[in-house]
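Visitor:
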Amino acid sequence: MKLLNVLVVILYSKLSLANVNVWNYREHGPDEWPKEFPQCGGKQQSPIDLDTTIAQFNKDLKPINFNNYDQNLLWNITNDGKSIYGRMINPSLIPSINGSNYRETFNLIQFHFHWGFNPYQGSEHRLNGSKYPLEIHLVHQSESGNLAVIGFFYRLGRTNVKLKEILDAAGQTIFKNDMIAINLNLVHILPDFDEANKNGYFRYMGSLTIPPCTEGLIWTVFRQTVSISENQLVKFYSNKLESNHRDVQPLNGRILQISVRTSNSRLPPLKQQQQHKYFQLSQQNVRKLSAATNQQLQAQN
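Encoded structure:
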């Protein structure tokens, strides 16, 4: 378990830093990634457009439990040259998720943000073709090494005073390798979980949204959004990263699920056999994650 934790943390941090001259969001942007990272041209890539007209209602997608998310914890907020990350410092209680149709509990490893050049772009996923100015990804890992990512959109609206701590940290980590330790309660930067579960979420199998774009991740993106004002977004726009979002990728036959019935969602739930197939794929990619990280470590030595 400890080894897998190390591998995943490296995958989301050291790996991107080591390849700083190989990929970015400009001249070596997403369209160029498959040349150096073949999986970025794979068939199960993220992000995607969350289209309710093709989403299939799945009655087995029960409410997600957000355990220990209401704890005041110490976090390192870091600019790694690709995003702004939050990682816990010696937590006494580790936030985790279960419920839904997850077959195991997933512990939170880190969270990070994606944004654009202006308030009308920035999110990686889209909702019925529409972009949001900001998106947060909360990356979780199970005891067996599977990865589950939770995504929330931030919508342009009124000033949200609860975002003060994270926005102050974003304003103090504008350069690569900037880091600051802060006390943060995750419920301050996320929507009300009861309301979020009530309004529903999307589920699909996807990938890392950055190189090496490894596939086999269990993606969940909620429809419930978090309010943020244009003045607050300036904290991210002042960052030297400028923009760090990948465009949506084709579904390529994947099935998009939704946890609630909507007026235009398809109703037949997925068969258990199809769900099991996807979880097996996720298990296979634990080995791919380990191999990719080991190769990178060897290249660094």
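Just so you know, the sequence shown maps onto residues -18 to -1, 1 to 283 in mature numbering (1 follows the signal peptide of the UniProt record, and there is no 0).
In this text, a Cβ means the ideal position worked out from N, Cα and C, and glycines have one as well.
Note that this is a predicted model, so its numbers are computed, not measured.
Please report the straight-line C-alpha distance between Pro77 and Gly235, rounded to a whole angstrom.
Guide: Spanning the two alpha carbons is a distance of roughly 33 Å.
Visitor: Could you tell me the distance, in whole angstroms, from the CA atom of Ile210 to the CA atom of Phe135?
Guide: Those two C-alpha atoms are separated by around 10 Å.
Visitor: Return the chain-ordered list of same chain residues with a C-beta closer than 6 Å to the C-beta of Asn47, the five sequence neighbours on each side being excluded.
Guide: Closer than 6 Å at the Cβ level, and outside the excluded window around Asn47, lie Asn80, Gly81.
Visitor: Over the uninterrupted beta strand (DSSP E) stretch that includes Gly188, give me the two end residues.
Guide: Segment 183 to 189, the beta strand (DSSP E) holding Gly188.
Visitor: Over what stretch of residues does the alpha helix (DSSP H) that includes Trp15 continue unbroken?
Guide: That run of the alpha helix (DSSP H) goes 15 to 18.
Visitor: Exposed or buried, what is Glu197 when buried is set at 16 or more other beta-carbons lying within 10 Å of its beta-carbon?
Guide: With 16 or more other Cβ atoms within 10 Å, it is buried.
Visitor: For Ser245 and Gly188, I'd like the C-alpha separation in whole angstroms.
Guide: Roughly 26 Å between the two C-alpha positions.
Visitor: Which residues in the same chain as Thr191 place their Cβ atom closer than 7 Å to its Cβ, once the five residues preceding and following it in sequence are excluded?
Guide: Only Ser28, Pro29, Glu106, Arg228 meet the Cβ criterion.
Visitor: Taking only the alpha-carbon atoms, compute the straight-line gap between Pro173 and Asn226 and give it to the nearest angstrom.
Guide: The alpha-carbon atoms of Pro173 and Asn226 are separated by roughly 23 Å.
Visitor: Enumerate in chain order the residues of its own chain whose CB-to-CB distance from Phe175 is below 7 Å, with the five nearest sequence positions on each side excluded.
Guide: Here the set comprises Phe48.
Visitor: Contact between the segment 123 to 131 and the segment 80 to 99: three or more CB pairs below 8 Å?
Guide: The answer is yes - the segment 80 to 99 touches the segment 123 to 131, with three or more Cβ pairs under 8 Å.
Visitor: Taking C-beta to C-beta, are Ile240 and Thr34 nearer than 9 Å?
Guide: Yes. Within cutoff.
Visitor: Can you give me the Cβ contacts of His94 inside the same chain, cut-off strictly under 8 Å, excluding the 5 residues immediately before and after it?
Guide: Correct list, in chain order: Tyr(-7), Ser65, Ile66, Tyr67, Gly68, Ile118, His119, Val121.
Visitor: According to DSSP, is Ile148 part of a helix, a strand, or is it coil?
Guide: Of the three classes helix, strand and coil, the one that applies to Ile148 here is helix, per DSSP.
Visitor: Using the rule of at least 16 other Cβ atoms within 10 Å of the residue's Cβ for burial, across every protein chain shown, is Arg185 buried or exposed?
Guide: By the neighbour-count rule (16 or more Cβ atoms within 10 Å), Arg185 is buried.
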